[in-house]
DNA sequence: AATTGTCTGATTGTCAACAATCTGGCTCCC
DNA sequence: GGGAGCCAGATTGTTGACAATCAGACAATT
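Residue numbers (the working numbering), protein chains in the order written: chain U, 1 to 224; chain P, 225 to 448.
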């Protein structure tokens, strides 16, 4: 910790960057409902920008998978099928197990403190119960820990691509279930094992943790 | 095989699409040397197109990792460090092991025929020795088999993002080593195990296959 | 000597108009 | 009835000009 810690990263100054962020937020929070149709001109007008930077922003979201582009028909906010969800979870399990293997030897007391801090933040966010999306972001931030610690840039990049999809689904699920977010103590074991000395146990727990996450949330999707 | 098999996919009609392909090829073959500096206007003039679609194409390549954008300084063809290579290989090992686990039960006689055909094509391409990049594409196509068979779209997408980076490195390596490509029989065991009934042995072999690939090729990189 | 201020050419960011293309529905013919 | 041809409106693709921003060099200041 140095004396510059108070500095916040300055916000994106380009229209494209800000647009990506704004659209991501709108999609992820469900303010733009799944399946909804948009067009470039319509969006550009609504945002008060021209189509150039908007197109670049859109392409980024399409690439991540938040939007689907059907040429000459319009843009559509992604819909999630059961298969999508299973794919997201199975890939995520894979990635996070790998991340823990890579990060295991790099754990330092400071890093473990950081992990605990993230969990505290998650709990705090759940108890505050102000912004319903807060806990979701906090949970994802907690899970980001192992990816960051691994030092594996490509892996972190993969996680960052997957994250918005998870976020999208969490928010969708939460809305359908009357804003019931993650439980306070849901990550207690996760933290304990991550701080311990049994990598095998941690990896096993990840399988459980993820499978449980999938099972308890998959119920309300009726699609094929 | 049906009677429409002769149909070839029609080429991309948009400037953006064609530009992505062309730039990808140029980077991957080393015709645009690693570290080389480019600018948007320069490229747009050279390609005879305007900057709009070019920018979108560039962004795609930056996202994949083939180009690096340093704002207001220029675009640079990616350079590969030893760490990059280790990351590419470790992630790839992960993904391909996962792909085989997912694909294992889906193997049909037809699918295995397809796999053998891909290996034949690889061998043919090596023996023909015309286009030095042919064997590289054929080898990647062989490895794509398990991803396609898995039916896991997200996984396939991850592989498709990783592929150009591998291709880039292979070509780079080949140029440095006087065009010595993959060996004729390099995938014999791979094919045999993939056709057999011991998933564990296949997964173990993948570790070996990849580690060997990394070790025999990592030599000539002197970077940190 | 080192830090800060200022200028300039280069580079990217943005815009608004225009062109190309597609979709969906309609007609017409068989 | 149904399939080919065609049309209108909508949507995306493309362009060239203009604006904003930056890196690097050099001067001024301490």
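The C-beta atom is built at its ideal place from N, Cα and C for all residues, glycine as well.
Using a 10 angstroms sphere on the CB of residue 81 of chain U, the tally of other CB atoms stays under 16, which defines it as exposed.
For residue 124 of chain U, the enclosing alpha helix (DSSP H) covers residues 109-128.
At a C-beta separation below 7 Å, residue 94 of chain U has these neighbours in chain P: 318, 322.
Under DSSP, residue 292 of chain P shares a beta bridge with P/300.
A straight-line Cα-Cα distance of about 34 Å links residue 407 of chain P and residue 261 of chain P. For residue 185 of chain U, the number of other beta carbons within 10 angstroms of its own is below 16, and it is reported as exposed. When DSSP states are grouped into helix, strand and coil, residue 262 of chain P belongs to the strand group.
Counting only runs of 4 or more residues that sit fully inside the stretch 401-448 of chain P, the alpha helix (DSSP H) segments are 412-419, 423-442, in chain order. Nearest to residue 397 of chain P by C-alpha distance, out of P/248, P/362, P/253, P/237, is P/253.
Close partners of residue 276 of chain P in chain U (Cβ separation under 7 Å): 52. Interface residue (Cβ-Cβ distance to chain P less than 7 Å): residue 91 of chain U is classified as such.
Within chain P, 378 have C-beta atoms less than 9 Å from the C-beta of residue 88 of chain U, given in sequence order. For residue 326 of chain P and residue 374 of chain P, the gap between their C-alpha atoms comes out near 5 Å. The Cβ-Cβ distance between residue 363 of chain P and residue 380 of chain P does not fall below 7 Å. In terms of Cβ geometry, residue 282 of chain P and residue 385 of chain P do not form a close pair [threshold 7 Å].
Within 9 Å of the CB of residue 419 of chain P, no CB atom of chain U is found; the nearest one sits about 24 Å away. By the neighbour-count definition (other C-beta atoms within 10 Å, threshold 16), residue 323 of chain P is a buried residue. For residue 303 of chain P, same chain residues with a beta-carbon under 6 Å away, outside a window of 5 residues either side, are 258, 259 in chain order. Going by beta carbons, residue 20 of chain U and residue 66 of chain U fall outside the 7 Å limit. Annotation: residue 405 of chain P to residue 391 of chain P spans about 12 Å, alpha carbon to alpha carbon.
Neighbours of residue 280 of chain P across chain U, judged by C-beta separation under 9 Å: 55, 56, 59. Residue 187 of chain U and residue 146 of chain U have their alpha carbons spaced roughly 14 Å apart. Within its own chain, the residues whose Cβ lies closer than 6 Å to the Cβ of residue 195 of chain U, once the five positions on either side in sequence are excluded, are 112, listed in chain order. Of all residues in the stretch 157-171 of chain U, the ones placed with a Cβ closer than 9 Å to any Cβ belonging to chain P are 157, 158, 161, 162, 165, in chain order. Under the three-state reduction of DSSP output, residue 388 of chain P falls in the helix class.
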